[in-house]
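Asker: So that you can map any letter, position 433 of the sequence shown is 433 in the UniProt record's numbering, and since no number is skipped, the others follow by simple counting. Okay, handing you the structure first.
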Amino acid sequence: MPVSKRRASCASDFSPSPPPPRSKKTKPASAIADFSAILTGDTEDDVALLPARTHAILYHKPLLLSRPQDVASLLAWFERVSDSRAMPWRAPFLDPAHHDPDKLKEAQKKRAYQVWISEIMLQQTRVETVKSYWLAWMAKWPSIHMLAAAPEEEVLAAWRGLGYYSRATRIHTAAKQVVADPELQGSLPQTPPELEKVPGIGAYTAGAISSIVFGQAVPILDGNVARVLSRQLGLYANPKAKATTDVLWEAARVVVEKAQEVKQGGATPGQWNQALMELGSTLCTPLKPACNECPIRASCRAHAEATLPASKGGVEDMEDLCKLCEPFPNDIKPEPAAKSEPKSKSGKKMRQATLSFGTFPSTEAKETARGSGDEALHAHVCKFPMKLSKKTIRTESCLVCIIRRPAGEYLLEQRPASGLLASMWQFPSLTLSTTEAGSTPAPPTPPTLAQIDDFAASLLGSKAAAQAHQRIGTIEHVFSHLHLTMHVYCLGLAKDVDLPAAKRKKEEGKARNFGSSLGDTATRRWADAAAVEAETMGTGMRNCWIAYQQQATTPAQAKTKPDKRKA
């Protein structure tokens, strides 16, 4: 049977690709302090010319701070397009000046809940997918109080298909905590520091709720915003480094405050933050940026760099170089360096100092490398933010047993309360082999007949007589941190078998592997097909069930036998 591959998460905004050679891994401690210091100074008007792209830290001061017309342009653009994608969670700002205080409090309470749920759902999930889930969720639990009173099983069931089920668990836990809190009484806090105390609410979600609902001039930073700001600042730095994240957060802070200054009003911070997200999602995209339609391209460093001709460039003092940026990947093959060398006060290697300054390519090389028109522009802009090489993730091979009693019932077990797919139900699964991240995985080997029988015996308490062993197939499922290969088999029992008395369970730690170990205890039960269909399962396990159902309707394929090698 052909292998089925499913991916559990979509690509991040910092889509990995091979980085250029790096000079040193340690980023100078003064980099963030240097960036904060430039925010109150003059703006660097010069463009970092290719191919050397030499520049000082001042180069990264957001041009938006000195171009209020561009700030106004982005806000006006968002006002025009905000309804174009029909996101049901978007609504007009609740202006305190136009509402009765008591009614305002209740309206903000409901609005904060709506924004909170939408932001959590939108993490790692496409907008079009979230729309129907959000509407169904709000129809079922229109208030945080109703959500807090809901059974956990119902919450997980409503989340089925969105993936990353721990998000649903944290939402439910947080709702109960906020409702039970004598001060909050079901109202989410208004400021990011207080919001971040709520389970599952991080800095980004806190900023979104605070700015969109309560009009606080606070920043947000998700993948879309990080991409927009990286290009606006011309920042070519490791996106995973704390220094880079700190700089982007600081940049996000000063530009939202600038927006509030340009356009007074409580609605502005939320509109600005949503405008940055919308811009990154629709125009300033990872691979096909629509620069000609961008309302803030005039303040974009990446765009300016791509539109000016290459230059010899140069730098008087290497100590003045930006300490944040990594060496820039050059599409232009330089000629041998000129005799004059840049001055340096020390022998330390700076990040940009690994480039060949004072060099200039031939006319033919420039034409070949830079291309022409939009293609060359987009190629340059798409280098921001810096891409990282993909690291191989951990792999696991496991046996999935669909055990069926003659009465048409199937054996299910519940996963541990923490870790991967916490508390969800699945068909019993046994880990066969694992390979750590960064290692070369061995080809997954299917289980032997003895392994299947031993596993079934450990589940049922005895060597239950199997009427048939049916190989369903091999299904692959990719989590963000785990590549899982599931060897799926169905065991038809000759007679009904009761489960052994449950043993006293030890306190379980966080589950690292997808499958269990032989002899592990877990909560198990028999369920008919309808109950299995309605159960909350991960996407990979759901695919196992679908594959089984497909084979059940094609008896000719049921004769496939497992490997009869001895264990």
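Backbone N, C-alpha and C fix where the C-beta goes; we use that ideal spot for every residue, glycine too.
Considering just the uninterrupted stretch of the beta strand (DSSP E) at R394, what are its terminal residues?
Answerer: Its beta strand (DSSP E) spans residues 394 to 404.
Asker: Would you call D181 buried or exposed, if buried means 16 or more other Cβ atoms sit within 10 Å of its Cβ?
Answerer: exposed
Asker: Is the distance from the Cβ of Q426 to the Cβ of G538 below 8 Å?
Answerer: Going by C-beta atoms, Q426 is nearer than 8 Å to G538.
Asker: Taking the beta strand (DSSP E) that A241 falls in, what are its first and last residues?
Answerer: Unbroken run through A241: none, as it is neither H nor E.
Asker: Rounded to the nearest angstrom, what separates I144 and D496 at their Cα positions?
Answerer: 44 Å
Asker: Identify the continuous alpha helix (DSSP H) that holds Y548 and give its terminal residues.
Answerer: 539 to 552
Asker: Checking the sheet assignment: what are the DSSP bridge partners for Q426?
Answerer: E413
Asker: Tell me which residue opens and which closes the beta strand (DSSP E) that A91 is part of.
Answerer: No beta strand (DSSP E) holds A91; DSSP gives it neither H nor E.
Asker: Taking L221 and I209 to be in contact with their CB atoms under 8 Å, please state how far apart those CB atoms are, rounded to whole angstroms.
Answerer: 14 Å between Cβ atoms; not a contact.
Asker: Among residues of its own chain, excluding the 5 on either side of T307, which ones have a beta-carbon nearer than 8 Å to its beta-carbon?
Answerer: L377
Asker: For R80, which three-state DSSP category applies?
Answerer: Helix, per DSSP.
Asker: Alpha carbon to alpha carbon, how far is R525 from A174?
Answerer: 29 Å
Asker: Apart from the five residues on each side of it in sequence, which residues of its chain come closer than 6 Å, Cβ to Cβ, to A552?
Answerer: none
Asker: What is the DSSP secondary structure of C291, reduced to helix, strand or coil?
Answerer: helix
Asker: Does DSSP put M121 in a helix, in a strand, or in coil?
Answerer: helix
Asker: Can you find at least 3 beta carbon pairs, one from the stretch 164 to 179 and one from the stretch 200 to 218, that sit closer than 8 Å?
Answerer: yes
Asker: Relative to the C-alpha of M541, which residue among S439, L459, I402 is closest?
Answerer: I402
Asker: Three or more C-beta pairs under 8 Å: does that hold for the stretch 227 to 247 against the stretch 384 to 391?
Answerer: yes
Asker: Whose C-beta lies closer than 8 Å to the C-beta of Y548 among residues of the same chain, with five residues either side of it excluded?
Answerer: I402, I472, V488, C490
Asker: Quickly, what does DSSP pair V488 with across the bridge? List them, please.
Answerer: V400, G473
Asker: Determine the direct distance from the alpha carbon of E305 to that of L74, and round the result to whole angstroms.
Answerer: 21 Å
Asker: Who are the Cβ neighbours of P441 in its own chain at under 7 Å, not counting the five residues just before and after it?
Answerer: T395, T435
Asker: For L279 and L229, I'd like the C-alpha separation in whole angstroms.
Answerer: Going by the C-alpha atoms only, they are around 11 Å apart.
Asker: Starting from the C-beta of P21, find all residues in its chain whose C-beta is less than 6 Å away, skip the five residues before and the five after it, and write them out in chain order.
Answerer: Note that P21 scores 42 on pLDDT, short of 50, meaning its location in the model is unreliable; the coordinates nonetheless yield the value given after this. Cβ contact annotation for P21 (same chain, cutoff 6 Å, sequence separation greater than five): none.
Asker: Measuring CB to CB, does H55 end up less than 8 Å from C322?
Answerer: Yes, they are a contact pair.
Asker: Residue range of the alpha helix (DSSP H) that residue 568 falls in?
Answerer: Limits of the chain in this structure are 1 at one end and 567 at the other, which puts residue 568 out of reach.
Asker: In this structure, what does DSSP give as the bridge partners for A112?
Answerer: In DSSP, A112 forms no bridge with anything.
Asker: Counting only the same chain and skipping the five closest in sequence on each side, list residues whose C-beta sits under 8 Å from that of A534.
Answerer: Excluding residues within five positions, the ones whose Cβ falls inside 8 Å are A157.
Asker: May I ask you to report which of helix, strand or coil DSSP gives P385?
Answerer: coil
Asker: Beta-carbon separation of G270 and G223 under 8 Å?
Answerer: no
Asker: So, do the stretch 290 to 300 and the stretch 57 to 68 have three or more beta carbon pairs nearer to each other than 8 Å?
Answerer: Here the stretch 290 to 300 makes contact with the stretch 57 to 68; the two share three or more CB pairs at distances below 8 Å.
Asker: Compute the Euclidean distance between the alpha carbons of K105 and D83, then round it to the nearest angstrom.
Answerer: 26 Å
Asker: Do three or more CB pairs link the stretch 132 to 141 to the stretch 96 to 103 at distances below 8 Å?
Answerer: By the C-beta criterion, the stretch 132 to 141 is judged not to be in contact with the stretch 96 to 103, since fewer than 3 inter-stretch pairs fall below 8 Å.
Asker: Let me confirm a value: M277 is counted as buried when at least 16 other C-beta atoms fall within 10 Å, else exposed. Which label applies?
Answerer: buried
Asker: Which of helix, strand or coil does DSSP assign to D246?
Answerer: Here D246 sits in helix by DSSP.
Asker: Terminal residues of the continuous beta strand (DSSP E) containing residue 606?
Answerer: No statement about residue 606 is possible, as the shown extent of the chain runs from 1 to 567 and does not include it.
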